[in-house]
Amino acid sequence: MSLQLFTVADFIKIAITAPVPRDCESERITRLLELGWDRVHLRYPSLTLTQVRKIVELVPQKWHGRLRLHGHFELINEFNIGGLHLNSRCPAVPSGFRGAISKSCHTVDEVRQASAGGRFDSVTLSPVFPSVSKPGYNPVLTKEDMRVAASMMPVIALGGVTPRRIALLKQLGFAGCAVLGAVSEAGTLDELAAVTEDFNQNII
């Protein structure tokens with residue numbers, strides 16, 4: 045097994061949208077990308093295709109390449125979306141799609157299988173800490189599990205990620221972090237900026 049090596053500059057910072065969008069959802073997504081988040085994952089399990097389409101339409105086109113869909117994959121035919129993220133709700137790649145694909149994983153074996161397939165540019169592994177957005181959703185992974193998984197391919201830590209935990213994630217070899225709770229709890233654009241700065245200071 046070859047060890048994946050990542051520098052600080054490589055550490056990826058991903059924001060995941062809350063399942064229920066705010067009135068200013070598109071503006072929040074745009075602001076996150078302006079602030080330097082590498083990707084924003086659009087995860088709206090209860091929304092219709094029309095509702096998600098409207099959110100994407102209101103995000104400036106120059107940012108579409110840094111969006112990734114967790115569902116509503118039909119939108120790849122309408123927008124220059126950066127990629128897809130497979131999960132239990134949407135486990136299959138649309139026919140003919142050749143763009144970037146990531147995947148949700150919850151065990152070392154799932155990461156191993158994803159790595160062997162060679163189709164995914166990264167996977168999320170969760171939960172690595174007690175979840176901020178899902179009370180009671182606690183990790184069963186040990187630090188050694190995380191270290192082994194992170195050595196196989198670019199693995200993004202998800203679940204309970206806060207700025208103070210970034211140093212540990214880097215020590216374990218994670219390629220980046222995905223954040224839902226800490227971002228969704230920021231009520232205003234100014235609070236989003238403050239949260240982002242906190243993460244940036246701990247990634248340096």
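Taking the numbering used here, the leading residue of the sequence shown gets 45, the next gets one more, and so forth. C-beta atoms are modelled at their ideal positions from N, C-alpha and C, and glycine is treated no differently. All figures in this text were calculated on a predicted structure; none of them were measured in a lab.
(request) Within the region 119 to 176, note down every full beta strand (DSSP E) run reaching 3 residues or more, in order along the chain. (result) 127 to 130, 144 to 149 and 166 to 169
(request) Out of Glu-188, Ala-237, Gly-162 and Val-96, point me to the one whose CA is closest to Leu-212's CA. (result) Glu-188
(message) On the DSSP bridge list, what partners appear for Ala-59?
(response) Val-84 and Val-223
(message) Let's see if you can read the secondary structure: which residues bound the alpha helix (DSSP H) around Ile-200?
(response) Counting along the chain, Ile-200 falls outside any alpha helix (DSSP H), though it belongs to the beta strand (DSSP E) covering 199 to 202.
(request) Under 8 Å Cβ to Cβ from Gly-126, same chain only, skipping five residues before and after it: list those, please. (result) Arg-83, His-108, Gly-109, Arg-110, Leu-111, Arg-112, Gly-143 and Ala-144
(message) Considering Cα atoms alone, identify which of Glu-235, Asp-165 and Leu-216 is closest to Gly-185.
(response) Contrary to the premise, residue 185 reads as Leu rather than Gly in this sequence. Nearest of Glu-235, Asp-165 and Leu-216 to Leu-185, Cα basis: Leu-216.
(request) Have a look at Ser-139 and Glu-101 and give me their C-alpha separation to the nearest angstrom. (result) 24 Å
(message) Three or more C-beta pairs under 8 Å: does that hold for the region 62 to 74 against the region 203 to 211?
(response) no
(request) Give me the Cα-Cα distance between Ala-238 and Arg-133, rounded to the nearest whole angstrom. (result) 33 Å
(message) Tell me the residue span of the alpha helix (DSSP H) that contains Arg-66.
(response) That residue, Arg-66, is in no alpha helix (DSSP H); it is neither H nor E in DSSP.
(request) State the beta-bridge partners of Leu-113 as determined by DSSP. (result) Leu-86 and Leu-128
(request) Taking only the alpha-carbon atoms, compute the straight-line gap between His-114 and Glu-241 and give it to the nearest angstrom. (result) 26 Å
(request) Please classify Ile-247: does DSSP put it in a helix, a strand, or coil? (result) helix
(message) I'd like to check one pair, Gly-203 with Val-227: are the Cβ atoms closer than 7 Å?
(response) no
(message) Between Ile-120 and chain D, is any beta-carbon pair separated by less than 7 Å?
(response) Judged by its chain identifiers, the structure shown contains no chain D, having just a single protein chain.
(message) Only counting the same chain, and skipping five residues up and downstream in sequence, which positions put a Cβ closer than 6 Å to that of Val-96?
(response) Tyr-88 and His-116
(request) Report all residues from its chain with a CB closer than 8 Å to the CB of Val-155; omit the five preceding and five following residues, and keep chain order. (result) Cys-149, Val-167, Leu-169, Ala-193, Met-196, Met-197 and Val-199
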